[in-house]
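Protein chains: 2
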Amino acid sequence: MKRVVLIGSGNVATSLAHGLASRCELAQVYSRRLSHARALAEAVGCPAATDDLGALVPDADAYIIAVSDDAIAQVVSAVADNGALWLHTSGSTPIDVFCGHRQRCGVLWPMQSFSREVVTPLDDVYFFAEGNDEAALHDVTELGQMLSRHVTAADSDQRRWLHLASVFSCNFANHLWALADELLSARGLPFEALLPLIRTTVDKLDRLTPAQSQTGPAARGDRRIIDSHLAMLDGEKRDIYRLLTESIIKRNPQDKNAQ
Amino acid sequence: MKRVVLIGSGNVATSLAHGLASRCELAQVYSRRLSHARALAEAVGCPAATDDLGALVPDADAYIIAVSDDAIAQVVSAVADNGALWLHTSGSTPIDVFCGHRQRCGVLWPMQSFSREVVTPLDDVYFFAEGNDEAALHDVTELGQMLSRHVTAADSDQRRWLHLASVFSCNFANHLWALADELLSARGLPFEALLPLIRTTVDKLDRLTPAQSQTGPAARGDRRIIDSHLAMLDGEKRDIYRLLTESIIKRNPQDKNAQ
Numbered sequence: 716m717k718r719v720v721l722i723g724s725g726n727v728a729t730s731l732a733h734g735l736a737s738r739c740e741l742a743q744v745y746s747r748r749l750s751h752a753r754a755l756a757e758a759v760g761c762p763a764a765t766d767d768l769g770a771l772v773p774d775a776d777a778y779i780i781a782v783s784d785d786a787i788a789q790v791v792s793a794v795a796d797n798g799a800l801w802l803h804t805s806g807s808t809p810i811d812v813f814c815g816h817r818q819r820c821g822v823l824w825p826m827q828s829f830s831r832e833v834v835t836p837l838d839d840v841y842f843f844a845e846g847n848d849e850a851a852l853h854d855v856t857e858l859g860q861m862l863s864r865h866v867t868a869a870d871s872d873q874r875r876w877l878h879l880a881s882v883f884s885c886n887f888a889n890h891l892w893a894l895a896d897e898l899l900s901a902r903g904l905p906f907e908a909l910l911p912l913i914r915t916t917v918d919k920l921d922r923l924t925p926a927q928s929q930t931g932p933a934a935r936g937d938r939r940i941i942d943s944h945l946a947m948l949d950g951e952k953r954d955i956y957r958l959l960t961e962s963i964i965k966r967n968p969q970d971k972n973a974q
Numbered sequence: 716m717k718r719v720v721l722i723g724s725g726n727v728a729t730s731l732a733h734g735l736a737s738r739c740e741l742a743q744v745y746s747r748r749l750s751h752a753r754a755l756a757e758a759v760g761c762p763a764a765t766d767d768l769g770a771l772v773p774d775a776d777a778y779i780i781a782v783s784d785d786a787i788a789q790v791v792s793a794v795a796d797n798g799a800l801w802l803h804t805s806g807s808t809p810i811d812v813f814c815g816h817r818q819r820c821g822v823l824w825p826m827q828s829f830s831r832e833v834v835t836p837l838d839d840v841y842f843f844a845e846g847n848d849e850a851a852l853h854d855v856t857e858l859g860q861m862l863s864r865h866v867t868a869a870d871s872d873q874r875r876w877l878h879l880a881s882v883f884s885c886n887f888a889n890h891l892w893a894l895a896d897e898l899l900s901a902r903g904l905p906f907e908a909l910l911p912l913i914r915t916t917v918d919k920l921d922r923l924t925p926a927q928s929q930t931g932p933a934a935r936g937d938r939r940i941i942d943s944h945l946a947m948l949d950g951e952k953r954d955i956y957r958l959l960t961e962s963i964i965k966r967n968p969q970d971k972n973a974q
């Protein structure tokens, strides 16, 4: 698994290109826009760039499709199978996008939010690997392990659960911060004041499970504070406070509440 | 404001002692347990320790009460007013705990989660200051500015809103992580995989408001993904998903949803 072609020049492809170029032979970068392919290839010292799917180098060991979800199927059907390992990097696209088109194929999904402007180091990113058979899974995993210390097998169904968990962990947590911002802004108080506290809450997850590190009025079963908070809120914020508080209380045994 | 007495040796007092000792004259540490007072005083190079509220040095400029919420009133009534500035460090205790007992008093609340085992640097912690009059607020603020770059005036009512916002931002966000952990553990997947993504979500708050940095299916108005997620969930997790998704959608204009 030495010679790799990267198809894409966007958010995921940019960080992948940097990781690949330093750990294997990145033979070529493809982008629909030649200037993007050239810029990314040049940035990582890759010798070839193209905007023509018919001009992909034919003899690479692996072809990594890191384009937008909608465009994966087009790339797959536009290029004939050459017997190499083909994989995509999308969390939400099933492996069967390759169905009938490739003998050896898989998915290598880096579970991180990437941006074209920032090269993200991949060593600590969790990659989830899938292959259309054991041998392909082995090769996808090996490719992942060149990039990261964390490569775990996960099929398309498990990726759906990971994506759902990331919605709770990131999108929904961020929305709670937006609600806190609304509460504070309305009273002339700075949301930034919460950032050190938020960071401390995240840092605890290095040592404890989130259930273990749960604190606050609900975890203490402190009904006096809970009632005073509910009286300060109305509408959806009150509904959200109540629902999350009940969900926390349910998981905290009475003896802990009594402390 | 040079000579300070610290009353307490717990979670908040430990980090305060280190901050105070390096920036002013920390004259004495009090704790109900002499061994605790001595240990903390020694750790920060403070010359005096006591377990006797009657033996507090009488001529300090400020007395900082950093004990548990329940014990503040006892300390206040156990010691006669000496005309110095007296303050407590509790977010949830109103300033009127001093009512009738002190001429010059206030609150200096560091909004951070402290632990006795870890000395937290205070420079970046947000402190909220209150005084029983303008002069006291000035003195409390000055004391806070010796410890931190972020000192903001906030009265007891504003502190209640800050505390409520911290419940949303920390306790509730942490519970979403606990729910994500449950979703993943049930399928043999590691919660740790989410940590890089959670950290990236927090890091974005250095540059954007949480409303600006909101991403995910709800922010995109992606009904196909939202419906497939709801079909994967049941019970309270489904209720929480639905409520938070509706709350996000409400804040995202249609033109953004259409992207």
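So the sequences go chain by chain: H and U. Count along the first sequence from 1, add 715, and you get the number used in the working numbering. Count along the second sequence from 1, add 715, and you get the number used in the working numbering. All residues carry an ideal CB built from backbone N, CA and C; glycine is no exception.
- Minimum Cα-Cα distance from leucine 898(U) among the listed residues Pro911(H), Leu858(H), Glu907(H), Arg875(H) corresponds to Arg875(H).
- Contact of glutamine 873(H) with chain U is assigned, a C-beta pair being separated by under 8 Å.
- Contact annotation: in the segment 946-969 of chain H, residues whose CB is within less than 9 Å of a CB in chain U are Met947, Leu948, Glu951, Lys952, Asp954, Ile955, Tyr956, Leu958, Leu959, Thr960, Glu961, Ser962, Ile963, Lys965, Arg966.
- Taking 8 Å as the CB threshold, arginine 914(H) lines the interface with chain U.
- In the DSSP annotation of this structure, the continuous segment of the alpha helix (DSSP H) that includes arginine 874(U) starts and ends at 871-881.
- Cα atoms of arginine 817(H) and valine 782(H): separation of roughly 18 Å, rounded to the nearest angstrom.
- Leucine 862(H) has a beta carbon lying at 8 Å or more from every beta carbon in chain U.
- Interface flag for proline 932(U) against chain H is set, since a Cβ pair is found closer than 8 Å.
- For secondary structure counted as the alpha helix (DSSP H) over 4 or more consecutive residues, the segment 718-757 of chain U holds these complete runs in sequence order: 726-736.
- Distance from the CA of histidine 751(H) to the CA of alanine 770(H), rounded to the nearest whole angstrom, comes to 16 Å.
- Per DSSP, glutamate 907(U) is not a residue of any alpha helix (DSSP H), being assigned neither H nor E.
- Counting only residues of its own chain and dropping the five nearest sequence neighbours on each side, valine 744(U) has a CB closer than 6 Å to the CB of Leu721, Ala752, Leu755, Ala756, Cys761, Ala764.
- Under the three-state reduction of DSSP output, glutamate 832(U) falls in the coil class, being neither helix nor strand.
- Considering only Thr867(U), Ala793(U), Leu800(U), the residue with the shortest C-alpha distance to tryptophan 824(U) is Thr867(U).
- Per DSSP, the unbroken beta strand (DSSP E) holding histidine 803(H) starts and ends at 800-803.
- In the three-state reduction of the DSSP assignment, glycine 821(H) falls in the strand class, which pools E and B.
- The secondary-structure analysis by DSSP pairs isoleucine 780(U) across a beta bridge with Ile722(U), His803(U).
- Fewer than three Cβ pairs drawn from the segment 870-889 of chain U and the segment 927-939 of chain U lie within less than 8 Å of each other, which leaves the two stretches out of contact.
- A direct Cα-Cα distance of roughly 8 Å separates glutamate 832(H) from asparagine 726(H).
- Valine 840(H) carries a coil assignment under DSSP once its states are collapsed to helix, strand and coil.
- Put simply, the backbone Cα of aspartate 785(U) is about 9 Å away from that of threonine 808(U).
- A distance below 7 Å between beta-carbons, with the five flanking residues on each side excluded, links proline 773(U) to the following residues of its chain, in chain order: Asn797.
- Within the segment 817-844 of chain H, Met826, Gln827, Ser828, Asp839, Val840, Tyr841 place their CB atoms closer than 7 Å to a CB of chain U, listed in sequence order.
- Interface criterion met: the Cβ of serine 928(U) is under 8 Å from a Cβ in chain H.
- In the DSSP assignment, histidine 816(H) falls outside any beta strand (DSSP E), carrying neither H nor E.
- Assigned with DSSP and collapsed to three states, glycine 769(H) falls in helix.
- Neighbours of serine 783(U) in chain H, taken as residues whose beta carbon is under 8 Å from its own, are absent, since the nearest beta carbon is some 13 Å off.
- At least one beta carbon of chain U lies nearer than 8 Å to the beta carbon of threonine 867(H).
- Counting only Cβ-Cβ distances below 9 Å, threonine 856(H) has no contacts in chain U at all, with the closest Cβ about 15 Å away.
- Counting only Cβ-Cβ distances below 7 Å, arginine 902(U) has contacts in chain H at Gln873, Trp876, in chain order.
- Contact between alanine 893(U) and proline 925(H) holds, with the beta-carbon distance rounding to 4 Å and staying under 8 Å.
- One Cα belongs to alanine 795(U), the other to aspartate 954(H), and the distance between them is close to 46 Å.
- For valine 790(U), the enclosing alpha helix (DSSP H) has its first and last residue at 787-793.
- Taking a Cβ-Cβ threshold of 8 Å, the residues of chain H close to leucine 898(U) are Trp876, Leu879, Ala880, Phe883, in chain order.
- Between leucine 852(U) and alanine 844(U), the beta carbon gap of about 6 Å places them in contact (Cβ cut-off 8 Å).
- When rounded, the separation of the alpha-carbon atoms in alanine 775(U) and alanine 732(U) is 15 Å.
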